[in-house]
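Below is one structure, written out as structure tokens, with a few remarks after it.
2 protein chains.
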Amino acid sequence: MEYTVVVRMNEKLFLRDPEGSELGRRIVRQGIQLMAEIGFEEMTFRKLADRIGTKESSIYRYFENKHRLLVYLVAWYWQWLEYQVLFQTNNLTDSREKLERILKLLLLKDLSQLHISTAVDDMDIPALHSIVIQEASKAYLTHHVTEDNREQLFKPYKDLCSRIAGIILEYRPGYPYARSRASSLIETAHYQAFFMQHLPALTDFGVEPPGRIESKDPLLTFLRHLLFSSLDTARF
Amino acid sequence: MEYTVVVRMNEKLFLRDPEGSELGRRIVRQGIQLMAEIGFEEMTFRKLADRIGTKESSIYRYFENKHRLLVYLVAWYWQWLEYQVLFQTNNLTDSREKLERILKLLLLKDLSQLHISTAVDDMDIPALHSIVIQEASKAYLTHHVTEDNREQLFKPYKDLCSRIAGIILEYRPGYPYARSRASSLIETAHYQAFFMQHLPALTDFGVEPPGRIESKDPLLTFLRHLLFSSLDTARF
DNA sequence: TCTTAACTGATAGTAAAACTATCATTCTTG
DNA sequence: CAAGAATGATAGTTTTACTATCAGTTAAGA
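From first to last, the protein sequence lines are chains C and Z. Under this note's numbering, the first residue of the first sequence carries the number 1135, and numbering increases by one thereafter. Under this note's numbering, the first residue of the second sequence carries the number 1135, and numbering increases by one thereafter.
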């Protein structure tokens, strides 16, 4: 039996719920494709409208502006990811194994082995993942972070962070930097992936050819090393 | 005797060398102030021109566009920082102490003790630092990274990274992730500082009141812990 | 089924941003 | 003092980022 993951989004993230209509759903789905293809700054509501055969003004009925669409997509991804973390670690007793699962989820590794579909709810997860890598930090690196934060726009990110921090504390009770460790883990996973692809001189890994021998992902190895060396280190 | 740090910039970073004229220097100096005040996306060449009493078109003679100005400012900062790292670690024999200095430099800590002026060459270093924290990743998180990289726009960042990686290897010969460790150290320092200020739920530190008891910077402690736990960990 | 509300499409518009072009003026510098 | 470089001033173009209006279509309720 299959369950549908219902990702219930904060109302502040949109003007009209895009999941409530066919057009809304297409705005989100095609928005993902377009943003993944041409990037956030090159994307415009006009281009998106043309692509889905509607008008700019119709898109504005759903999202206040392009930035809010980005925030929505990223928030959706964080909620999806938190659900996956919850689900994948639920049945485990070994908290080290939980952290291992989290590492793989962050890199979107071994999805088939983890029984994760790449198209939940028709959302293209790998495309979203690449948007998160390239654009997610633009969601909060603005001069209006504080107001956006007040509207709870970043709650999904914080929730994911809290959940990971909780597992960190389970693995290593009393660790004094659980939250920072969680947020830096997430961020490091993403921009190291970006550097690996686009600025390899900033990393020690080459781009991975697709379909390579699994379990030999150098970025995963690096993240594992970073995480566990910090958690396994002497008393606090 | 005082030496002037000559930061020689890559020619690809500008159309006309801004350090070669009074107007150019004002564009850069006031550009720093304006961008620090209102942020990258809110800044326009018109606003900058108004501020310094010139015209948009004059600014375009120096920089192709706003993004290039950002890349220029960030590159300047990386070059300045690399010079500081070089200078501050030069006389030291203990490589652990070198890494300690680097941590402080990344957080722009204890400048006076390190004999660093906050206004090198009339550049407002703390303002630049806050730009780097908030905006630097926008310099490379674009769909034209590859072309920009080909033009060597990110060389100063890579050079800084290499220098830190070199010191890491000095401290821990054979460490297999020197570059990634260096780049993740730099990035972590910056966005943890951002989170601390604007999204404190993602960290374990509060905002630091200015003029607090020195040597009790929790972010510095966290970074130190992360760095040395990874470097001091078992064989590779 | 009729009515009304909700939604979308279509058109049209504005304000500002992001440039480009031109030319006169001023300021150097040989 | 003549030539060249830099700047100021003005005026444009194109694109983005929106807003407004209204007609038509669809859906839902009485």
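Note that the Cβ used here is the ideal one computed from N, Cα and C, for glycine as well.
Tell me the DSSP secondary structure of residue i in three-state form.
{"i": "D1282/Z", "result": "helix"}
{"i": "M1257/C", "result": "strand"}
{"i": "N1199/C", "result": "coil"}
{"i": "Y1217/Z", "result": "helix"}
{"i": "V1205/Z", "result": "helix"}
{"i": "S1317/Z", "result": "helix"}
{"i": "S1155/Z", "result": "coil"}
{"i": "H1249/Z", "result": "coil"}
{"i": "M1143/C", "result": "coil"}
{"i": "M1135/Z", "result": "Legend: pLDDT at M1135/Z = 43, less than 50; position of this residue unreliable, value from coordinates given subsequently. It is coil, neither helix nor strand."}
{"i": "G1340/Z", "result": "coil"}
{"i": "R1297/C", "result": "helix"}
{"i": "H1277/Z", "result": "coil"}
{"i": "G1173/C", "result": "coil"}
{"i": "P1334/C", "result": "helix"}
{"i": "L1361/C", "result": "helix"}
{"i": "P1352/Z", "result": "helix"}
{"i": "Y1309/C", "result": "coil"}
{"i": "L1168/C", "result": "helix"}
{"i": "T1223/Z", "result": "helix"}
{"i": "D1184/Z", "result": "helix"}
{"i": "F1329/C", "result": "helix"}
{"i": "F1179/C", "result": "helix"}
{"i": "T1367/Z", "result": "coil"}
{"i": "K1243/Z", "result": "coil"}
Label residue i either buried or exposed according to how many other C-beta atoms from any shown protein chain fall within 10 Å of its C-beta, with 16 as the threshold for buried.
{"i": "E1321/C", "result": "buried"}
{"i": "G1158/Z", "result": "buried"}
{"i": "Y1194/Z", "result": "exposed"}
{"i": "Q1247/Z", "result": "exposed"}
{"i": "V1162/Z", "result": "buried"}
{"i": "P1260/C", "result": "exposed"}
{"i": "S1155/C", "result": "exposed"}
{"i": "G1340/C", "result": "exposed"}
{"i": "K1350/Z", "result": "exposed"}
{"i": "D1151/C", "result": "exposed"}
{"i": "T1223/C", "result": "buried"}
{"i": "A1170/Z", "result": "buried"}
{"i": "I1267/Z", "result": "buried"}
{"i": "S1317/C", "result": "buried"}
{"i": "L1242/C", "result": "buried"}
{"i": "L1182/Z", "result": "buried"}
{"i": "R1235/Z", "result": "buried"}
Nearest by alpha-carbon distance to residue i: which of the options is it?
{"i": "K1292/C", "options": "I1267/Z, V1254/Z and H1332/Z", "result": "H1332/Z"}
{"i": "F1174/C", "options": "D1338/C, L1262/C, S1191/C and L1360/C", "result": "L1262/C"}
{"i": "R1313/Z", "options": "A1323/Z, L1149/Z and I1301/Z", "result": "I1301/Z"}
{"i": "R1306/C", "options": "D1366/C, H1278/C and E1156/C", "result": "D1366/C"}
{"i": "Y1309/Z", "options": "D1338/C, A1327/C and L1303/C", "result": "D1338/C"}
{"i": "R1186/C", "options": "I1172/C, H1278/C, H1249/C and Q1164/C", "result": "In the sequence on display, residue 1186/C carries Ile and not Arg. Out of I1172/C, H1278/C, H1249/C and Q1164/C, Q1164/C has the C-alpha closest to the C-alpha of I1186/C."}
{"i": "R1160/C", "options": "N1224/C, I1250/C, Y1196/C and K1243/C", "result": "Y1196/C"}
{"i": "M1330/C", "options": "S1264/C, L1287/C and P1290/C", "result": "S1264/C"}
{"i": "I1298/Z", "options": "M1143/Z, T1280/Z and L1239/Z", "result": "L1239/Z"}
{"i": "A1285/Z", "options": "D1255/Z, F1221/Z, K1181/Z and A1209/Z", "result": "Residue identity differs from the one stated: residue 1285/Z is Glu in this sequence, not Ala. Among D1255/Z, F1221/Z, K1181/Z and A1209/Z, the Cα nearest to that of E1285/Z is on A1209/Z."}
{"i": "K1232/C", "options": "E1304/C, S1317/C, L1149/C and R1315/C", "result": "E1304/C"}
{"i": "L1237/Z", "options": "R1180/Z, N1144/Z, A1327/Z and E1281/Z", "result": "A1327/Z"}
{"i": "D1256/C", "options": "S1364/C, F1148/C and Q1167/C", "result": "Q1167/C"}
{"i": "M1143/C", "options": "E1281/C, P1290/C, F1221/C and L1220/C", "result": "P1290/C"}
{"i": "E1269/C", "options": "E1176/C, N1283/C and D1244/C", "result": "E1176/C"}
{"i": "E1198/C", "options": "R1180/C, L1147/C, I1250/C and H1359/C", "result": "L1147/C"}
{"i": "V1279/Z", "options": "L1149/C, I1172/C and E1145/C", "result": "I1172/C"}
{"i": "Y1323/C", "options": "Y1311/C, L1220/C and T1355/C", "result": "In the sequence as displayed, the identity of residue 1323/C is Ala instead of Tyr. The shortest C-alpha separation from A1323/C is found at T1355/C."}
{"i": "L1357/C", "options": "A1335/C, P1334/C and Y1325/C", "result": "Y1325/C"}
{"i": "F1288/C", "options": "L1242/C, Y1211/C, K1200/C and S1229/C", "result": "Y1211/C"}
{"i": "L1149/C", "options": "D1184/C, A1183/C and S1192/C", "result": "S1192/C"}
Compute every distance between the C-beta of residue i and the non-hydrogen atoms of the ligand MG, then say whether any falls below 7 Å.
{"i": "Q1268/Z", "result": "Annotation note on the ligand MG: not contained in the displayed structure, which lists no ligands."}
Residues of the region 1187-1213 of chain Z in Cβ contact with chain C at a cutoff of 7 Å, in chain order, please. none
Can you find at least 3 beta carbon pairs, one from the region 1195-1211 of chain Z and one from the region 1272-1284 of chain Z, that sit closer than 8 Å? yes
Please determine if the region 1284-1301 of chain C and the region 1212-1222 of chain C are in contact, where contact requires at least 3 C-beta pairs separated by less than 8 Å. yes
Below 7 Å between beta carbons is the criterion; list the residues of the region 1354-1368 of chain Z that meet it against any residue of chain C, in chain order. F1356, H1359, L1360, S1363, S1364 and T1367
Which residues, in order along the region 1264-1278 of chain Z, keep a beta-carbon less than 8 Å from a beta-carbon of chain C? Q1268, E1269, S1271, K1272, Y1274, L1275, T1276 and H1277
Closer than 7 Å, Cβ to any Cβ of chain Z: which residues of the region 1288-1311 of chain C, in chain order? F1288, K1292, C1295, P1310 and Y1311
May I ask you to list, following chain order, the residues of the region 1321-1346 of chain C that have a beta carbon less than 8 Å from some beta carbon of chain Z? E1321, T1322, Y1325, Q1326, F1328, F1329, H1332, L1333, A1335, L1336, T1337, D1338 and F1339
Contact residues within the region 1163-1190 of chain C, judged by C-beta distance below 8 Å to chain Z: I1172, G1173, E1175 and E1176
Quick one, which residues of the region 1231-1256 of chain C are near chain Z if we go by CB-CB under 7 Å, in chain order? none
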